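Asker: Got a structure for you, questions after.
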């Protein structure tokens, strides 16, 4: 078995078919067989395209540069940009007024004023294909709209839940499913809920108790968003029909108007710390008759759909968090500029300035990669976005965690005062983060596909025991310390960004060589080594974010945007920090220090778990 195959089997990862555009071509694919044939043809076409043109992150990891990616994508027509800006301003102001009108902190659902704003602005039709009564907006348009909605995270997650269900229906539903339900989602007559988890503490397909036996569905699903108000359920269940030798798993569509003698009960609502307008419930399905026509997909697509739910469309999460952080920064800066401590404004305090600067930098990077990725997808410049999805997700985590620190450092004790707006922000961020996948999952989703792609495209062979390799591992490689320029990226950007371009190219050169070493030393063990996964994922993320920030600042400065000089400063600052971090990681790899502090931290955690707590003796203890 080859090294690449061992890697794949060790993780059992599937590529996530994310960010596909809704189109007439897609909706005309009538059955599963036709879709599979189409996917095979697409893979054949894609295999002939150089990796650096298919995936930004993979190309950078292979030290390959596509100059078209240094052009930050934008609207080709000024009228299109102005149109979406006017629409977003309208949504933003109306939603802001609706949120002030009625409190949703104990509502359990979106208030009537918020719902009226969403329906008035046709939000639920923005992501539905045109042939089914929607608008099928491009990714940049949707990112702008989600940013406006994201000023309240409960509102965003309510909308995103319907958008995700739409995505699944478009790409996995039958023509009948699409024709019946998509127009109703666009008009909000249909309120979908995705029922995936049986038990979060023991979540494997083998452990599923929700099942379809002899055409009858029974079972319980937990953490169902909007389950109480839903009238269409997308359910993952174990099935066993009479013609099958053994059970498998499928996704089913259940219309509340077609329950027959069965019923759906809300067993319990999860009382969350924040996001009070998000109804997260436990649902029980009893004696519900289902036929083959209710299957959303074949058994082969079950894992693909599950991966799509967990990992795809992160640009919209990123856009929503951008909207949330922008609103938060307005509130915090207003408070800091108004509050007087002693004889000085709070805003003059260096601790406060640093905290706000850190949050602003995180926001700048997140916003840059979100709109960069959205624009590349709109222009069909990239084909694979699985790695970029997880990069956005990691930046969402980082930005929200920084938001908590900034609130505490700036507002102080008032940030925890019950009823104070910042206290609600803290609760919402905590709850939002708890609903996200753990960071380690995103690390794997970045690192493993990168390694797979690198091995495939370099025709890597493990030559661990050759004398020159052993010498290289012991003494390191001078390329790590003195990387040579090959692409001269700086020639394609404004001179003020030349140093950042050089840093990006140096990181690409170092990392390409370091990957050889990490494969030689770790082999298939890397999938279980936190240090290896963290190292790879961090450099891949740094490369992609540096490219996005450079491209954005370059565009802004060249067209004379307001505060473009500040963008240049932020891009250069980020690239300097990212380059230093990546350089340190690559040197660590070259010097064979994979058993680093990151792996040792895991060992410390294991020791404390085994001991049942902090197991170090108090400093005054003596040995007698």
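Numbering (the UniProt record's numbering), first residue to last: 1 to 624.
Glycine included, C-beta positions come from ideal geometry on N, C-alpha and C.
Here the structure is a predicted model, which is why all the values come from computation and not from measurement.
Quick check on residue 425: buried or exposed, where buried means 16 or more other Cβ atoms within 10 Å of its Cβ?
Answerer: If you draw a 10 Å sphere on the C-beta of residue 425, you find 16 or more other C-beta atoms in it, and that means buried.
Asker: Looking at C-alpha atoms only, which residue of 93, 181, 198, 566 is the closest neighbour of residue 191?
Answerer: Looking at the Cα atoms, 181 is the closest of the given residues.
Asker: Where residue 115 and residue 178 are concerned, what is the direct C-alpha to C-alpha distance, given to the nearest angstrom?
Answerer: 24 Å
Asker: With residue 316 as the anchor, note down where its alpha helix (DSSP H) starts and where it stops.
Answerer: 314-338
Asker: Let's test the definition: count the other Cβ atoms within 10 Å of the Cβ of residue 602 and tell me whether it reaches 16, buried, or not, exposed.
Answerer: Exposed is the call here.
Asker: From the DSSP secondary-structure annotation, give me the bridge partner or partners of residue 211.
Answerer: 218, 238
Asker: Expressed to the nearest angstrom, what Euclidean distance is found between the alpha-carbon atoms of residue 556 and residue 536?
Answerer: 31 Å
Asker: Which residues does DSSP pair with residue 269 in a beta bridge?
Answerer: 281
Asker: Measuring CA to CA, which of 364, 248, 400, 589 is closest to residue 569?
Answerer: Looking from the CA of residue 569, the closest CA among 364, 248, 400, 589 belongs to 364.
Asker: So, for residue 318: in the same chain, excluding its five sequence neighbours on each side, which residues have a beta-carbon less than 6 Å away from its beta-carbon?
Answerer: If we look at residue 318 and ignore the five residues flanking it on each side, its Cβ neighbours are 366, 370, 392, 396.
Asker: To the nearest angstrom, how far is the alpha carbon of residue 130 from that of residue 194?
Answerer: 23 Å
Asker: Give me the Cβ distance between residue 237 and residue 210, rounded to the nearest whole Å; I'm assuming they're in contact under 8 Å.
Answerer: 5 Å
Asker: Suppose contacts are defined by Cβ-Cβ distances below 8 Å. Is residue 315 in contact with residue 373 by that definition?
Answerer: yes
Asker: With DSSP as the reference, label residue 487 as helix, strand or coil.
Answerer: coil
Asker: Beta-carbon separation of residue 153 and residue 432 under 8 Å?
Answerer: yes
Asker: Using only the alpha-carbon positions, how far apart do residue 263 and residue 291 sit?
Answerer: About 16 Å.
Asker: Just mark residue 509 as buried or exposed, buried being the case when its beta carbon has 16 or more other beta carbons within 10 Å.
Answerer: By the neighbour-count rule (16 or more Cβ atoms within 10 Å), residue 509 is buried.
Asker: Please tell me whether residue 575 and residue 549 are closer than 8 Å, where the distance is taken between their beta carbons.
Answerer: In this structure, residue 549 lies closer than 8 Å to residue 575 by Cβ.
Asker: With the cut-off set at 8 Å, would you say residue 56 and residue 65 are in Cβ contact?
Answerer: no
Asker: Note the first and the last residue of the continuous alpha helix (DSSP H) segment covering residue 177.
Answerer: 175-186
Asker: Can you tell me the Cβ-Cβ gap for residue 225 and residue 251, rounded? I've got them flagged as a contact below 8 Å.
Answerer: Wrong, their Cβ atoms sit about 16 Å apart, outside the cutoff.
Asker: Note down the Cα distance separating residue 505 from residue 605, rounded to an integer number of angstroms.
Answerer: If you take the alpha carbons of residue 505 and residue 605, they lie about 37 Å apart.
Asker: Can you tell me whether residue 615 is buried or exposed, with buried defined as 16 or more other CB within 10 angstroms of its CB?
Answerer: exposed
Asker: Use the C-beta contact count for residue 144: other C-beta atoms within 10 angstroms, 16 or more gives buried, fewer gives exposed.
Answerer: With 16 or more neighbouring CB atoms inside 10 Å of its own CB, residue 144 falls in the buried class.
Asker: The beta strand (DSSP E) that contains residue 615, what's its start and end?
Answerer: Where residue 615 is concerned, there is no enclosing beta strand (DSSP E), given that its DSSP letter is neither H nor E.
Asker: Classify residue 261 as helix, strand or coil using the three-state DSSP reduction.
Answerer: coil
Asker: Spatial neighbours of residue 138 within its chain, please: C-beta separation below 7 Å, excluding the five flanking residues on both sides.
Answerer: 378
Asker: Starting from the C-beta of residue 621, find all residues in its chain whose C-beta is less than 6 Å away, skip the five residues before and the five after it, and write them out in chain order.
Answerer: Excluding the 5 residues flanking it on each side, residue 621 has no same chain C-beta neighbour closer than 6 Å.
Asker: Could you tell me how far apart the beta carbons of residue 127 and residue 134 are, in whole angstroms, since I believe they sit closer than 8 Å?
Answerer: 7 Å
Asker: Taking all protein chains shown into account, do 16 or more other C-beta atoms lie within 10 angstroms of the C-beta of residue 73, making it buried, or fewer, making it exposed?
Answerer: buried
Asker: Let's see if you can read the secondary structure: which residues bound the alpha helix (DSSP H) around residue 195?
Answerer: No alpha helix (DSSP H) holds residue 195; the beta strand (DSSP E) holding it covers 192-195.
Asker: Going by DSSP in three states, residue 382 sits in which element: helix, strand or coil?
Answerer: coil
Asker: Mind checking which residues open and close the alpha helix (DSSP H) that includes residue 428?
Answerer: Per DSSP, the unbroken alpha helix (DSSP H) holding residue 428 starts and ends at 421-435.
Asker: Restricting to Cα atoms, I'd like to know which of 359, 408, 390 is closest to residue 399.
Answerer: 359
Asker: Using the rule of at least 16 other Cβ atoms within 10 Å of the residue's Cβ for burial, across every protein chain shown, is residue 491 buried or exposed?
Answerer: exposed
Asker: I'd like to confirm the pairing. Which residues does DSSP put opposite residue 251 in its beta bridges?
Answerer: 236
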